[in-house]
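Here is the structure we will look at, set down as structure tokens.
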Amino acid sequence: MSSSDSSLPDKKLFWACFVALVATSFVFSVRSMVIGDWATEFNLTETQKGQILGAGLWPFAITIVLFSLIIDKIGYKRAAYFAIFCQIASTVVIIFANGYKMLWLGSFIVALGNGTVEAYINPVVATMYKKEKTKWLNILHAGWPLGLVLGGLVAILLKEHSWQLKMGLLLVPIAVYTVLTIPRKFPVNERVAAGVSYRDMLKEVGVLGFAIISFLMFSELGRVALESGWIGSWTIWHTVIVTGVVLVMVGVYTKSAGAPIFLIMLVTIGPLATTELGTDTWITDLMG
35 MSSSDSSLPD
45 KKLFWACFVA
55 LVATSFVFSV
65 RSMVIGDWAT
75 EFNLTETQKG
85 QILGAGLWPF
95 AITIVLFSLI
105 IDKIGYKRAA
115 YFAIFCQIAS
125 TVVIIFANGY
135 KMLWLGSFIV
145 ALGNGTVEAY
155 INPVVATMYK
165 KEKTKWLNIL
175 HAGWPLGLVL
185 GGLVAILLKE
195 HSWQLKMGLL
205 LVPIAVYTVL
215 TIPRKFPVNE
225 RVAAGVSYRD
235 MLKEVGVLGF
245 AIISFLMFSE
255 LGRVALESGW
265 IGSWTIWHTV
275 IVTGVVLVMV
285 GVYTKSAGAP
295 IFLIMLVTIG
305 PLATTELGTD
315 TWITDLMG
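If you read the sequence shown in this note's numbering, its first letter stands for residue 35, the second for the next number, and so on.
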């Protein structure tokens, strides 16, 4: 391969990222499709159904945040392998589930994998297509509705079949992007290649950005810990205190309030994401 060819974006790596997103969306679709079967077989209450579905959402968001902070340290390929492991492990756990706890655990594990997928595919594609980021990121994210469509086809074609079979089909797109991913060489993080420091990156988020992210994250972690009996109490004041500690550290390190455009996007993306993921999760029940 010539030097000019080696500088071109790796289309096979792009398609590996695309299929990874399809698999992630497919997971969301199939889980929402079989939750009713789980409820019937394991006598789940509506609360337990919500908790299982929730376990597939909040770790997803938190993993995106946390992995985004360290993705350039651990490398994209290690992140991809972690995502693959989580998605396969969760599928196995759920297929052999004997009740609420295993269903919750499987949902939690897959959420970690799904969040990791989002944390690495976006910067990989943005790095490969520096001059056409919008175009290729839009193409990449067409994988999300495609995964939902595939889930819908499963619902139609395998309506009378067991939920275990439907869950087992998740392994197909996971296997495809695993095979595509293993031989690929991932690019160096764009920020690292450009010589932009970690501190300068965090300055874009700043104290105000971390205030929003930390408050929401610790609110949810506290709620889950309380409901699980891991802690005796958790109030909004606990969230405020922990968030405050984080903000002091961020303020000292970055000395930045955050980029205005980033803060605007951070505030607006929340309702949009809630609408999308909420609809994806409950669409099967809504459609009867």
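Every residue gets a Cβ at the ideal spot worked out from N, C-alpha and C, and that includes glycine.
Item                                                                                                                                                    : Value
Any idea if Glu261 is buried or exposed, counting beta-carbon neighbours within 10 angstroms, 16 or more meaning buried?                                : exposed
Let's test the definition: count the other Cβ atoms within 10 Å of the Cβ of Ile216 and tell me whether it reaches 16, buried, or not, exposed.         : exposed
Taking Cβ to Cβ, would you say Ile118 is nearer than 9 Å to Glu152?                                                                                     : no
Counting along the chain, where does the alpha helix (DSSP H) carrying Leu26 start and finish?                                                          : This structure cannot speak to residue 26, because the chain is shown only from 35 to 322.
May I have the straight-line CA-CA distance separating Lys289 from Gly240, to the nearest angstrom?                                                     : 8 Å
Have a look at Ile303 and Ile247 and give me their C-alpha separation to the nearest angstrom.                                                          : 12 Å
My assumption, with CB atoms under 8 Å, is that Trp178 sits in contact with Leu87. Please give the rounded CB distance.                                 : Actually they do not touch by this definition, with Cβ atoms about 18 Å apart.
Mapping DSSP to helix, strand and coil, what is Thr161?                                                                                                 : helix
Between Ser249 and Arg257, what straight-line distance do the alpha-carbon atoms span, to the nearest angstrom?                                         : The sequence shown places Phe at residue 249, rather than the Ser named in the question. Near 12 Å, if we compare the C-alpha coordinates of Arg257 and Phe249.
Using 10 angstroms around the beta-carbon of Tyr110, count the other beta-carbons present and answer buried if the total reaches 16, otherwise exposed. : buried
The alpha helix (DSSP H) that contains Thr269, what's its start and end?                                                                                : Premise fails: Thr269 is in no alpha helix (DSSP H) and is neither H nor E.
Mapping the DSSP letters down to three states, classify Asn223 as helix, strand or coil.                                                                : coil
What's the call for Thr212, buried or exposed, on a 16-neighbour Cβ count within 10 Å?                                                                  : buried
In or out: Ser66 buried (at least 16 other Cβ within 10 Å) or exposed?                                                                                  : buried
Relative to the alpha-carbon of Asp234, which residue among Leu180, Thr273, Leu192, Gly292 has its alpha-carbon at the smallest distance?               : Gly292
Taking the runs of the alpha helix (DSSP H) that are 4 residues or longer, which of them lie wholly in the region 68 to 110?                            : 80 to 89, 92 to 108
With distances taken from CA atoms, which of Leu214, Lys219, Leu297 is nearest Ala50?                                                                   : Leu214
Classify Thr308: buried if its beta carbon has 16 or more other beta carbons within 10 angstroms, exposed otherwise.                                    : exposed
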